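Data block below; observations after.
Residue numbers (the numbering used here), protein chains in the order written: chain Y, 1340 to 1639; chain R, 9 to 103.
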């Protein structure tokens, strides 16, 4: 490895300024009012339509999927759509909190304009997700609990945006596939499509800011600190993927042993392969930066 | 099952191993990211949901606290068996 001087954070952020300005411009021109962009039907019937791509179901490829008839599969995937929207609501709550905390911080003031767009767009997404869940289904609970922040701000910054990157890259893959799935109810396609339209910009920003933090700070960390960061991100892959396998969904879909179903689905080889496929792009990014050196354990 | 799960997930356990009063989060053997998965396990052992909104980091302080908080007294025999492997702290015992 060749030695090089680490940039200061100011230099690293200056290096991404063209990208950020382009994203600012796109956010301004594609600005959307979530209260006008969508007309909510009075009701929807999960038995008549698909609301979630069946091949993305957490039970797809498992014996449980085979046990369900067509109506049962539609019912299950309707609840999985609500769970997918719910885990986005919870993820965006934490995201908005973290973005707001960094808005106008002196060392990040050069990206303040984009943080405004990011925050605004996340809030709009939650309006869509919450609108669906509260009208037609329910907001599934999160199993995350609040913990005090880490004392090291540099590590906290890196981990915050790295977690956002992982979460959003996974969700975006689902959005892309579902926005173009013609079997799905138009409402579901619209919400997935609207989310993707903004997320495609967020993904670019996430990669740039994670790279800036990593390139700036990691040369000053010892191997133990870098390993701790890698372990933490590896565990985040497990934690974020686990949320898709929600026993509350299986209980709503009339499975008598919802925790067992969740565990079996999590361990099913087809599901491991599915997770590997969906995570492949962001794993490649982490490997290319050196942030991760190997595939996280337990997930794939 | 609780003990084996924590032992599998914990990082750099001390030479004395996973004792009942080892401070899991404070000692950074587990992180906040392990908690959602741990809650899933505890719900499976109890056979019922846990009201997550009312939980705090202190509820997961160590194995003894976790067992006392979530498993002891559970009507589910599996949860009671899991809790038996982690006896409650004697009243007034120093930590």
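Even glycine gets a Cβ: it sits at the ideal position worked out from N, Cα and C.
The model shown is predicted, which means the values in this text are computed figures rather than measured ones.
Closest residue to residue i among the options (Cα-Cα distance)
i                      : options                        : result
residue 1374 (chain Y) : Y:1530, Y:1498, Y:1484         : Y:1530
residue 1601 (chain Y) : Y:1350, Y:1390, Y:1386, Y:1398 : Y:1398
residue 1479 (chain Y) : R:33, R:59, R:14               : R:59
residue 1551 (chain Y) : Y:1490, Y:1450, Y:1569, Y:1376 : Y:1450
residue 1633 (chain Y) : Y:1608, Y:1609, Y:1568, Y:1581 : Y:1568
residue 1621 (chain Y) : Y:1509, Y:1595, Y:1609, Y:1441 : Y:1509
residue 1 (chain R)    : R:28, R:66, R:65, R:63         : The structure shown does not extend to residue 1 (chain R), since chain R is modelled only from 9 to 103, so the question has no answer here.
residue 1401 (chain Y) : Y:1637, Y:1612, Y:1616, Y:1623 : Y:1612
residue 1394 (chain Y) : Y:1406, Y:1610, Y:1549, Y:1377 : Y:1610
residue 1438 (chain Y) : Y:1618, Y:1429, Y:1457         : Y:1457
residue 1503 (chain Y) : Y:1490, Y:1548, Y:1491         : Y:1548
residue 1427 (chain Y) : Y:1436, Y:1352, Y:1461, Y:1441 : Y:1461
Per DSSP, cross-strand counterpart(s) of residue i
i                      : result
residue 1523 (chain Y) : Y:1389
Contact with chain Y by residue i, beta-carbon distance below 8 angstroms
i                    : result
residue 18 (chain R) : no
residue 26 (chain R) : no
residue 47 (chain R) : yes
residue 60 (chain R) : yes
residue 34 (chain R) : no
residue 71 (chain R) : no
residue 43 (chain R) : yes
residue 98 (chain R) : Reliability of the predicted coordinates at residue 98 (chain R) is poor, the pLDDT of 40 falling under 50, and the value obtained from them is presented with this limitation in mind. It does not; no Cβ of chain Y falls within 8 angstroms.
residue 40 (chain R) : yes
residue 52 (chain R) : yes
residue 76 (chain R) : no
residue 10 (chain R) : no
residue 63 (chain R) : yes
Pair within 8 angstroms by beta-carbon distance, residue i and residue j
i                      : j                      : result
residue 51 (chain R)   : residue 1598 (chain Y) : yes
residue 1639 (chain Y) : residue 1631 (chain Y) : no
residue 1465 (chain Y) : residue 1431 (chain Y) : yes
residue 108 (chain R)  : residue 79 (chain R)   : This structure leaves residue 108 (chain R) out entirely; chain R is present only between 9 and 103.
residue 1284 (chain Y) : residue 1366 (chain Y) : Not covered by the structure: residue 1284 (chain Y). The range shown for chain Y is 1340 to 1639.
residue 1392 (chain Y) : residue 1520 (chain Y) : yes
residue 1390 (chain Y) : residue 1523 (chain Y) : yes
residue 1385 (chain Y) : residue 1349 (chain Y) : no
residue 1486 (chain Y) : residue 1579 (chain Y) : no
residue 1376 (chain Y) : residue 1619 (chain Y) : no
Inter-residue Cα distance where the pair is residue i and residue j
i                      : j                      : result
residue 44 (chain R)   : residue 74 (chain R)   : 14 angstroms
residue 1537 (chain Y) : residue 1554 (chain Y) : 26 angstroms
residue 12 (chain R)   : residue 37 (chain R)   : 14 angstroms
residue 1468 (chain Y) : residue 1425 (chain Y) : 7 angstroms
residue 1448 (chain Y) : residue 1500 (chain Y) : 16 angstroms
residue 70 (chain R)   : residue 14 (chain R)   : 10 angstroms
residue 76 (chain R)   : residue 1396 (chain Y) : 36 angstroms
residue 96 (chain R)   : residue 1369 (chain Y) : Below a pLDDT of 50, predicted positions are generally treated as unreliable, and residue 96 (chain R), at 47, falls in that range; the measurement from the model is reported next regardless. Each residue's alpha carbon lies about 59 angstroms from the other.
residue 98 (chain R)   : residue 25 (chain R)   : Low confidence applies to residue 98 (chain R): its pLDDT is 40, below 50, so where it sits in the model is not reliable, and the reading given next is rough at best. Cα to Cα, the separation comes out at about 21 angstroms.
residue 1471 (chain Y) : residue 1421 (chain Y) : 8 angstroms
residue 1585 (chain Y) : residue 1603 (chain Y) : 12 angstroms
residue 1382 (chain Y) : residue 1416 (chain Y) : 17 angstroms
residue 1575 (chain Y) : residue 41 (chain R)   : 6 angstroms
residue 1387 (chain Y) : residue 1446 (chain Y) : 52 angstroms
residue 1355 (chain Y) : residue 1362 (chain Y) : 11 angstroms
residue 1358 (chain Y) : residue 1544 (chain Y) : 8 angstroms
residue 1493 (chain Y) : residue 20 (chain R)   : 24 angstroms
residue 1514 (chain Y) : residue 22 (chain R)   : 44 angstroms
residue 1583 (chain Y) : residue 1419 (chain Y) : 8 angstroms
residue 1628 (chain Y) : residue 1409 (chain Y) : 44 angstroms
residue 1314 (chain Y) : residue 1463 (chain Y) : One cannot answer for residue 1314 (chain Y) here, as it falls past the ends of chain Y, which runs 1340 to 1639.
residue 1557 (chain Y) : residue 1453 (chain Y) : 24 angstroms
residue 1474 (chain Y) : residue 1594 (chain Y) : 24 angstroms
residue 101 (chain R)  : residue 30 (chain R)   : Interpretation of residue 101 (chain R) is limited by its pLDDT of 37, a score under 50 that renders its predicted location unreliable; no figure is taken from the coordinates.
residue 1484 (chain Y) : residue 1346 (chain Y) : 35 angstroms
Minimum Cβ-Cβ distance from residue i to chain R less than 8 angstroms
i                      : result
residue 1484 (chain Y) : yes
residue 1396 (chain Y) : no
residue 1327 (chain Y) : With chain Y covering 1340 to 1639 only, the question about residue 1327 (chain Y) has no answer from this structure.
residue 1481 (chain Y) : yes
residue 1589 (chain Y) : no
residue 1601 (chain Y) : yes
residue 1416 (chain Y) : no
residue 1564 (chain Y) : no
residue 1578 (chain Y) : yes
residue 1571 (chain Y) : yes
residue 1575 (chain Y) : yes
residue 1586 (chain Y) : yes
residue 1598 (chain Y) : yes
residue 1581 (chain Y) : yes
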